[in-house]
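Peer 1:
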Amino acid sequence: MLALKVLIGLVCAATLSTALDCENGRTCAYMRSCHGVFDDNCPLAYSFKLEGDILSMELAGYQRSAYNRYLAVGFGDKDGMAQSKVTECSAIGDERFPSVKLSYNTPGNESVNVRIENEPLFRNSIISNAVSKYEDGMIYCSWNQNVSTAIGNDKVFQRTPGVIYYSICAYGPTVGDGSYAGLDEHDAHDQPLVTDFEVPEGNVTEQPQLPTQAPVAPVDNYCKCGIVDGWFDDWDAADIWVDLVIILDTSKSMGGSLQEAKSVIESFVSFMSTDTMAEFYSRIGVIAVSDT
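With mature numbering (1 follows the signal peptide of the UniProt record, and there is no 0) as the guide, the letters of the sequence shown map in order to residues -19 to -1, 1 to 273.
What follows is the structure in structure tokens.
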């Protein structure tokens, strides 16, 4: 019998939002660094709801400045960033406050972001009720966007019913020369979900599979990590963050079992990411007990 007991608690937080509307059939999604919570440690989160051909969107995040910064969300029918049709909340050039703008990502492995032709004019034809602000460190934009295929512009998002779309989000600096060109390199990006825009109450259409080494966690209505009722794409061992407490019986009667317990503890440590500077990390503690 091993001379240890292991107590594991998954670090989660209830999904709360002071800026995003996550009720009334809206879907809310977060970059994984937000840990499913929109607070001042969350660089980007967004919500959306489709009503007919109108996609109601919110995009928000805490950034060090609004000047020459952007938050962006894109949708595409292919996995990855390339060819995504992007709507952004950005301040470009001399702009001191963000506004809603349209751009797209080119195809291929060297995908770059490009401003659509005649963007201000075209934006006014498909974007309505736009609100934007930078307040208390938070960049925020909301808008309604016509996503009908009747738009006739393949550089903006046009939804086809029944098609599954990948969502990608990113934030970073706008172009360094201050021009009205596309967005610059991103500081970080993520792909929190896939959706057909028809699933209610924030559920996504496909749950990404966890690695085979990890158990599939049940849905917990109190403690929700990542996107509501779901998990992030691209999980690996370093994406699992836990508090691990090991209770070790060091009594003489345990004898050789202590060496076996030592090996088990070392295997836990080698598997888990404990770099406190990492996006995810774990805390490990050992409690020794003895009857002698």
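Beta carbons: idealized from backbone N, C-alpha and C, even for Gly.
Per DSSP, what kind of secondary structure is LEU36 in: helix, strand or coil?
Peer 2: It is a strand residue.
Peer 1: Looking at the structure shown, is LEU116 part of a helix, part of a strand, or coil, going by DSSP?
Peer 2: It should be pointed out that residue 116 corresponds to Glu in this sequence rather than to Leu. Three-state DSSP puts GLU116 in a strand.
Peer 1: Could you give the distance in angstroms between the alpha-carbon of ASN5 and the alpha-carbon of SER238?
Peer 2: Whole-angstrom Cα-Cα distance: 56 Å.
Peer 1: Per the contact definition of three or more C-beta pairs closer than 8 Å, is the segment 42 to 50 in contact with the segment 133 to 142?
Peer 2: In short, these stretches do not touch, since the Cβ pair count stays below three.
Peer 1: Less than 8 Å separating the beta-carbons of MET38 and THR68?
Peer 2: Cβ distance < 8 Å, so MET38 and THR68 count as in contact.
Peer 1: Going by Cα to Cα distance, which pick from ILE268, CYS150, ASP177 and VAL156 is closest to CYS15?
Peer 2: Comparing Cα-Cα distances from CYS15 to each of ILE268, CYS150, ASP177 and VAL156, the minimum goes to CYS150.
Peer 1: Could you name the residues of the same chain whose beta carbon sits closer than 7 Å to that of SER84, not counting the 5 residues immediately before and after it, in chain order?
Peer 2: Cβ neighbours of SER84 beyond the five flanking positions: VAL67, GLU69, ASN94, VAL95, ARG96, ILE97, GLY163 and LEU164.
Peer 1: Kindly indicate which residue of ALA269, TYR43, GLU241 and ALA111 has the alpha-carbon position closest to the one of ASP117.
Peer 2: For the residues ALA269, TYR43, GLU241 and ALA111, the minimum Cα distance to ASP117 belongs to TYR43.
Peer 1: Relative to the C-alpha of ASN90, which residue among VAL81, TYR115, ALA26 and MET62 is closest?
Peer 2: For ASN90, the nearest C-alpha among the options comes from MET62.
Peer 1: Run the CB neighbour count on PRO88, radius 10 Å, all protein chains shown included, and call it buried at 16 or more, exposed below.
Peer 2: Classification of PRO88: exposed, given that the 10 Å Cβ count is below 16.
Peer 1: Which stretch, first to last residue, makes up the alpha helix (DSSP H) that contains LEU102?
Peer 2: LEU102 -> alpha helix (DSSP H) spans 100 to 107.
Peer 1: Give every residue of the same chain whose Cβ lies closer than 8 Å to the Cβ of PHE78, excluding the five residues on either side of it in the sequence, and list them in chain order.
Peer 2: Contacts found: ALA47, ALA72, SER113, LYS114 and TYR115.
Peer 1: To the nearest angstrom, how far is it from the Cα of VAL267 to the Cα of LYS243?
Peer 2: Near 11 Å, if we compare the C-alpha coordinates of LYS243 and VAL267.
Peer 1: Beta strand (DSSP E) containing ASP75: first to last residue?
Peer 2: Note, ASP75: premise wrong, no beta strand (DSSP E); not H, not E.
Peer 1: Apply the 10 Å Cβ neighbour rule to SER123 and answer buried if 16 or more other Cβ atoms are within range, or exposed otherwise.
Peer 2: Looking at its Cβ environment, which holds 16 or more other Cβ atoms inside 10 Å, SER123 is buried.
Peer 1: Please list the terminal residues of the continuous beta strand (DSSP E) segment that includes LEU83.
Peer 2: Start and end: 80 to 86.
Peer 1: Are there 16 or more other CB atoms within 10 angstroms of the CB of LYS59, so buried, or fewer, so exposed?
Peer 2: That one is exposed.
Peer 1: Which same chain residues end up closer than 7 Å to ALA131 when comparing Cβ atoms and leaving out the 5 residues on each side of it in sequence?
Peer 2: Counting only Cβ-Cβ distances below 7 Å, and skipping sequence neighbours, we find nothing.
Peer 1: Tell me whether SER14 sits in a helix, a strand or coil according to DSSP, three-state version.
Peer 2: Looking at SER14 - three-state DSSP - the assignment turns out to be helix.
Peer 1: Using C-beta distances below 7 Å, list every residue in its chain close to SER28, excluding the 5 sequence neighbours before and after it, in chain order.
Peer 2: The answer, listed in chain order, is LEU1, ASP2, CYS3, ARG7, THR8, CYS9 and GLU39.
Peer 1: In the DSSP output, what is ILE132 paired with across the bridge?
Peer 2: ILE132 pairs with nothing; no bridge assigned.
Peer 1: How many angstroms separate the CA atom of ASP171 from the CA atom of TYR152?
Peer 2: Between ASP171 and TYR152, the C-alpha separation is close to 10 Å.
Peer 1: Taking ASP75 as the reference, give the member of ARG45, SER129, VAL156 and ALA169 with the closest Cα.
Peer 2: The candidate whose alpha carbon is nearest that of ASP75 is VAL156.
Peer 1: According to DSSP, is GLN240 helix, strand or coil?
Peer 2: Residue state, collapsed to three classes: helix.
Peer 1: Between ASN22 and GLU166, what straight-line distance do the alpha-carbon atoms span, to the nearest angstrom?
Peer 2: Cα to Cα, the separation comes out at about 21 Å.
Peer 1: Any idea if LEU36 is buried or exposed, counting beta-carbon neighbours within 10 angstroms, 16 or more meaning buried?
Peer 2: Label assigned to LEU36: buried.
Peer 1: Note down the Cα distance separating ALA111 from VAL81, rounded to an integer number of angstroms.
Peer 2: Using only the alpha carbons, I get a separation of about 7 Å.
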